[in-house]
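Numbering (our numbering), first residue to last: 5 to 182.
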């Protein structure tokens, strides 16, 4: 059985640009809080069930052995029998209500967790889409800058070669003039 402490103490490895650890921690804190609340509520219901069962057992002990059918006899015996039947009915009703409430709480908890997981997955997909778009934009900018660098180097090389050629020509003309 997964406990709140298991969730609190669980450590996850991070790979590349995985989930935001703070978002995961916040989500797990909410799950732990809800799990603890449900556990406390479940413990309370179990205590009520135990109290009801002990009360019925007490009534059974004080009333003596139970007959399968109604006892015909004094009014006091009939009243005791009716009281015992009422106690049994009340006990069964409390137990059934406890089970129903437990099932409802568990179902609510499961639905809440399912909803929270769906919302977290949606946020994750949206974040991944945004990050993918940013990555694509950065890659395009890198390609544009690489192309700019290539063209710039080419123009610089041509300019330097022209300057060297002009310098060589002017040096030749100076040498020829002497």
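Glycine residues also receive a C-beta, built at the ideal position from the N, C-alpha and C atoms.
Just so you know, these numbers come straight off a predicted model, no measurement behind them.
Contacts around residue i, its chain only, beta-carbon distance under 6 Å, and the 5 residues preceding and following it disregarded
i, result
"residue 91", "60, 63"
Rounded separation between residue i and residue j - CA only
i, j, result
"residue 167", "residue 143", "36 Å"
"residue 159", "residue 153", "10 Å"
"residue 27", "residue 13", "16 Å"
"residue 178", "residue 164", "21 Å"
"residue 25", "residue 140", "24 Å"
"residue 157", "residue 176", "28 Å"
"residue 161", "residue 136", "37 Å"
"residue 46", "residue 111", "13 Å"
"residue 35", "residue 106", "18 Å"
"residue 10", "residue 33", "12 Å"
"residue 173", "residue 180", "10 Å"
N-terminal and C-terminal residue of the alpha helix (DSSP H) that residue i is part of
i, result
"residue 10", "8 to 13"
Closer than 7 Å: residue i CB and nearest the ligand ZN heavy atom
i, result
"residue 116", "Within the structure as shown, the ligand ZN is missing, as the structure has no ligands at all."
Close Cβ partners of residue i (< 8 Å) along its chain, the five nearest in sequence each way excluded
i, result
"residue 53", "98, 99, 102"
"residue 38", "113, 116, 117"
"residue 95", "56, 57, 59, 60"
Same chain, Cβ closer than 7 Å to residue i, neighbours up to 5 away in sequence not counted
i, result
"residue 31", "120, 124"
"residue 23", "128"
* What residue ranges within the stretch 103 to 127 form continuous beta strand (DSSP E) runs of no fewer than 3 residues, ordered along the chain? -> Fully enclosed beta strand (DSSP E) runs of 3 or longer: not present.
* Can you find at least 3 beta carbon pairs, one from the stretch 124 to 131 and one from the stretch 40 to 49, that sit closer than 8 Å? -> Per the Cβ contact rule, the stretch 124 to 131 is not in contact with the stretch 40 to 49 (fewer than 3 Cβ pairs under 8 Å).
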